[in-house]
Amino acid sequence: MNIGTHKFWAQSAGDKVFDIVNHILLVVVALAVFYPLYFIVIASFSDPAAVASGNVHFWPKGFNLDGYARVFENQKIWLGYRNSIFYTVIGTAVNLALTIMAAYGLSKKSMPGQGILMGLITFTMFFGGGLIPTYLLVDKLGINNTMWALVLPGAVSVYNLIIARSYMSENISGELEEAARLDGCSYFNLFFRIALPLSKPIIGVVVLMYAVGHWNEYFNALIYLRDQGLYPLQVILRDLLIQTEQAANMGGDASVMELQRIADMLKYGVIVVSSLPVLCMYPFIQKYFAQGMMIGSLKG
Numbered sequence: 000m001n002i003g004t005h006k007f008w009a010q011s012a013g014d015k016v017f018d019i020v021n022h023i024l025l026v027v028v029a030l031a032v033f034y035p036l037y038f039i040v041i042a043s044f045s046d047p048a049a050v051a052s053g054n055v056h057f058w059p060k061g062f063n064l065d066g067y068a069r070v071f072e073n074q075k076i077w078l079g080y081r082n083s084i085f086y087t088v089i090g091t092a093v094n095l096a097l098t099i100m101a102a103y104g105l106s107k108k109s110m111p112g113q114g115i116l117m118g119l120i121t122f123t124m125f126f127g128g129g130l131i132p133t134y135l136l137v138d139k140l141g142i143n144n145t146m147w148a149l150v151l152p153g154a155v156s157v158y159n160l161i162i163a164r165s166y167m168s169e170n171i172s173g174e175l176e177e178a179a180r181l182d183g184c185s186y187f188n189l190f191f192r193i194a195l196p197l198s199k200p201i202i203g204v205v206v207l208m209y210a211v212g213h214w215n216e217y218f219n220a221l222i223y224l225r226d227q228g229l230y231p232l233q234v235i236l237r238d239l240l241i242q243t244e245q246a247a248n249m250g251g252d253a254s255v256m257e258l259q260r261i262a263d264m265l266k267y268g269v270i271v272v273s274s275l276p277v278l279c280m281y282p283f284i285q286k287y288f289a290q291g292m293m294i295g296s297l298k299g
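Letter by letter, the sequence shown follows residues 0 to 299 of numbering that gives the first Met the number 0.
Structural data, given as structure tokens:
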């Protein structure tokens, strides 16, 4: 009998019931979250007629790859991938640099005006200028219809900044920094050689949050970008679906069914294609994500 089983039988009846109910609820929640993702994947490999008739439940029916073929034969898809990768890498680098440096400074209680600065930063979480003033600001800065319109306006997330600040204030002790200063360590060396290595979990959290946000960038691209050569993947996929739906609505009776079939194939294939890079990246930083979120949320 292993330790876990021994502890279970050593519990009181009430604790056993709680554990059983808790595990059942967690399994139900996990299935409720996982199954829609699984259904999208099997639907993307299935015959659209089988999906539309409700015959696809747990396994693909009428296996075909026409949806993926139509997605990848479109040259704009590859352009969108290139742009999204570029926005994600550059944007996340800018976000990470500004957020971590600001969080480190604000985590020091000896910093003059630290409380006032933190209050002003937190204020922006609840009150903003709105869409039109933000657009006018971006236009006046001269970055409208450029890649920087998707990077600079959201360069720092207050939520991520607060999490990083909380983590650093708890895990980077003042005694350690004081000892380093006595050994002649400069402030820059203190940040790069001590603070950053000790902040790997929270850096993983910040990278994941920012990277997912940039990869899914959609609304700001519609507002600020007019050059189709700058469109990220999400906007190009949206346009592809809209064009297919419009073609289906304008066609004759025979062509409508075929175009609707194509639209259904594209719909699921597009979701898988756009989500795959993030799903592949997550397992590599999942341990840092869980650790950083738990530790960084303990103190405000």
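Just so you know, even glycine gets a beta-carbon here, dropped at the ideal spot from N, CA and C.
- Three or more beta-carbon pairs separated by less than 8 Å link the segment 150-160 to the segment 119-127, which places the two stretches in contact.
- Ranking V206, F190 and L265 by CA distance to the CA of K107 puts F190 first.
- Around the CB of W58, fewer than 16 other CB atoms lie within 10 Å, so the residue is classed as exposed.
- Going by DSSP, T98 is part of the alpha helix (DSSP H) stretching over Q74 to L105.
- If you draw a 10 Å sphere on the C-beta of S52, you find fewer than 16 other C-beta atoms in it, and that means exposed.
- A Cβ-Cβ contact shorter than 8 Å links L197 with N170.
- The straight-line gap separating the alpha-carbon atoms of N219 and A49 is approximately 36 Å.
- Its chain contains no residue whose beta carbon lies nearer than 6 Å to that of G128 once the 5 sequence neighbours on both sides are disregarded.
- Here A102 has L160, A163, R164 and M167 as same chain residues with Cβ atoms under 6 Å from its own Cβ, once five neighbours each way along the sequence are excluded.
- Non-local C-beta neighbours of L78 in its own chain, meaning closer than 8 Å and more than five positions away in sequence, comprise G228, Y230 and I235, ordered along the chain.
- In this structure, G90 lies near Y209, with their beta-carbon atoms less than 8 Å apart.
- Between the segment 59-79 and the segment 134-154 there are fewer than three C-beta pairs closer than 8 Å, too few to call the two in contact.
- DSSP, reduced to helix, strand and coil, places H56 outside both helices and strands of the structure shown, so it counts as coil.
- Short of 7 Å from the beta carbon of A42, and not among the five residues preceding or following it, lie these beta carbons of its own chain, in chain order: V50, V55 and Y267.
- Excluding residues up to 5 positions away in sequence, L232, Q233 and L236 lie with their Cβ nearer than 7 Å to the Cβ of S273 in the same chain.
- Put simply, the backbone Cα of V277 is about 42 Å away from that of G183.
- In the three-state reduction of the DSSP assignment, F17 falls in the helix class.
- Ranked by how close their Cα comes to the Cα of P282, the residues V204, H213 and I131 have V204 in first place.
- In this structure, V271 sits near V40, with a CB-CB distance shorter than 8 Å.
- At the C-beta level, Y86 and L149 come within 8 Å of one another.
- About 28 Å separates the beta carbons of L25 and V206, which is beyond the 8 Å limit, so they are not a contact pair.
- Distance between G173 and L97, taken at the CA atoms: about 22 Å.
- One thing to note: I99 has its Cβ within 8 Å of the Cβ of I202.
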